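Student: Quick one: the structure is below, questions incoming.
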Amino acid sequence: MPPRRTRVLYVTDLAYEARGRRYCDEDIFLSARLRKHFDIALCHPVDAVELMDSFDVVVVRNSGPAVYYQEQHDEFRARARQAGVRVFAELTGKADMAGKQYLLDLYAAGYPVIPTVDRFQDIDRLPPATQYVAKPKFGADSVGLQFVQREQLQDLKYDNLLVQPRVDFAYEVSFYFVDHTFEYALYAPHTDQRWLLEPYEPTEVDVAFAQRFVDWNDITHGIQRVDACRTRAGELLLVELEDLNPYLSLDRVAAPTRDAFVRDMTASIAALAEKSPPTH
0 MPPRRTRVLY
10 VTDLAYEARG
20 RRYCDEDIFL
30 SARLRKHFDI
40 ALCHPVDAVE
50 LMDSFDVVVV
60 RNSGPAVYYQ
70 EQHDEFRARA
80 RQAGVRVFAE
90 LTGKADMAGK
100 QYLLDLYAAG
110 YPVIPTVDRF
120 QDIDRLPPAT
130 QYVAKPKFGA
140 DSVGLQFVQR
150 EQLQDLKYDN
160 LLVQPRVDFA
170 YEVSFYFVDH
180 TFEYALYAPH
190 TDQRWLLEPY
200 EPTEVDVAFA
210 QRFVDWNDIT
220 HGIQRVDACR
230 TRAGELLLVE
240 LEDLNPYLSL
250 DRVAAPTRDA
260 FVRDMTASIA
270 ALAEKSPPTH
């Protein structure tokens, strides 16, 4: 009798409508490829808590902004930790899956990130700018983001809010990792079209920049996307470290790159399934 195959619960919102992207296409492709190696079932994020105990690994993919189902998301994280559920990406992440406090922490620690504060008293720690970006500490996909003038900063409610200067950048670039392995990079050459992405050939310095943040994060098994902007002076600055459910834009990369990504993702899930359940 053949050994039982690893059972994977693949969490996705196939109906989520993202600007400029089709989440469902990516998850249909990925789940089909993973099915060759695992017994796999797809579910909506609000159903994950009730189903996860029947699976060896829970893979969180394009599940949409958690702010739209925050209560269920918080329950999933709490119960998964309590029950020792193996989650991919692991719930030990310190970046977006835990909110955006990490931007404040990294800026204070001297990392190359967009300057960030969360109190009006600290506004002078930011470089001068003609406009500022205000966004929730717990949010995604630009939900709640607003652009304000300096004179408007004192009128903001600094409750669950971050403020950054609006950076004049040449382009945005994203670096994609499985575990701590760099897979590929894509960039948006047109500043007004964030998701019109093209392949990007990073330098060793570029990869080292992104690797620094992935190595900082407490994830052994999982997908991470390092979003950065290239300033007019040529410097890379971190915009976001997405470690919860980063969209991968796999339709924008060549087939060999896509195959290598799927191969590494499959190996990581298999390795996670073999680990002892996490204890917290």
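Under numbering that gives the first Met the number 0, the first residue of the sequence shown is numbered 0, with each subsequent residue one higher. Ideal Cβ placement from N, Cα and C applies to all residues, glycine included. Fair warning: this is a prediction, and the values are worked out from it, not measured in the lab.
1) Can you give me the start and stop residues for the alpha helix (DSSP H) that VAL206 sits inside?
2) Looking at the unbroken alpha helix (DSSP H) that takes in ALA40, where does it start and where does it end?
3) In chain order, what residues of the same chain have a beta carbon less than 6 Å from the beta carbon of ARG6, not counting five sequence neighbours either side?
4) May I ask you to list the residues that DSSP assigns as paired with LEU102?
5) Which of helix, strand or coil does DSSP assign to GLU239?
6) Just mark LYS99 as buried or exposed, buried being the case when its beta carbon has 16 or more other beta carbons within 10 Å.
7) Can LEU195 and LEU185 be called in contact, C-beta distance under 7 Å?
8) Determine the direct distance from the alpha carbon of PHE212 to that of TYR106, and round the result to whole angstroms.
9) Going straight from the alpha carbon of ARG32 to that of ARG262, what length do you get?
10) Considering only residues of the segment 46 to 100, which uninterrupted beta strand (DSSP E) runs meet the minimum length of 3 residues and lie entirely inside it, listed in chain order?
11) Rounded C-beta distance between PHE174 and PRO198? I'm assuming under 8 Å.
12) Residues bridged to CYS228 by DSSP?
13) Enumerate in chain order the residues of its own chain whose CB-to-CB distance from ASP26 is below 8 Å, with the five nearest sequence positions on each side excluded.
14) Which residues mark the beginning and the end of the alpha helix (DSSP H) in which VAL112 is found?
15) What three-state label does DSSP hand ARG20 in the structure shown?
16) Is the Cβ-Cβ distance between ILE218 and GLY92 less than 7 Å?
17) Near ARG4, what residues of its chain come up, given a Cβ to Cβ distance below 7 Å and the 5 sequence neighbours on each side ignored?
18) Which of the three DSSP states, helix, strand or coil, is assigned to ILE218?
19) Which residues in the same chain as ASP226 place their Cβ atom closer than 7 Å to its Cβ, once the five residues preceding and following it in sequence are excluded?
20) Would you identify the three-state DSSP class for THR256, choosing helix, strand or coil?
21) Excluding five sequence neighbours on each side, which residues of the same chain lie with their C-beta closer than 8 Å to the C-beta of SER275?
22) Would VAL206 pass as a contact of GLN163 if the rule is Cβ separation under 7 Å?
Tutor: In terms of the structure at hand:
1) Residue range 203 to 215 is occupied by the alpha helix (DSSP H) that includes VAL206.
2) Looking at the DSSP string, ALA40 is not in any alpha helix (DSSP H); the run it does join, the beta strand (DSSP E), is 38 to 42.
3) Closer than 6 Å at the Cβ level, and outside the excluded window around ARG6, lie ASP38, PHE54, ASP55.
4) Bridge partners of LEU102: none, in fact.
5) Strand, per DSSP.
6) Label assigned to LYS99: buried.
7) Contact: no.
8) Between the alpha carbons of TYR106 and PHE212 lies a gap of roughly 12 Å.
9) Here the C-alpha atom of ARG32 lies approximately 9 Å from the C-alpha atom of ARG262.
10) If we require 3 residues or more, the beta strand (DSSP E) runs fully inside the segment 46 to 100 come out as 56 to 59.
11) Contact between PHE174 and PRO198 does not hold, since the beta-carbon distance rounds to 12 Å and is not under 8 Å.
12) As DSSP reads the structure, CYS228 sits in a beta bridge with GLU171, LEU236.
13) Around ASP26, the same chain offers TYR9, THR11, LEU13, LEU41, ARG60, ASN61 as residues with beta carbons nearer than 8 Å, after the five sequence neighbours per side are excluded.
14) Here VAL112 belongs to no alpha helix (DSSP H), and DSSP marks it neither H nor E.
15) DSSP, reduced to helix, strand and coil, places ARG20 within a strand of the structure shown.
16) Taking 7 Å as the cut-off, the Cβ atoms of ILE218 and GLY92 count as close.
17) Exclusion of the five residues before and after ARG4 leaves PHE37, ASP38 as the residues of its chain whose Cβ lies within less than 7 Å of its Cβ.
18) In this structure, ILE218 counts as coil in the three-state DSSP scheme.
19) So the list reads GLU171, SER173, VAL238, GLU239, GLU241, once near-sequence residues are dropped.
20) Here THR256 sits in helix by DSSP.
21) In its chain, beyond the 5 residues on either side, no residue has a beta carbon closer than 8 Å to the beta carbon of SER275.
22) No, they are not a contact pair.
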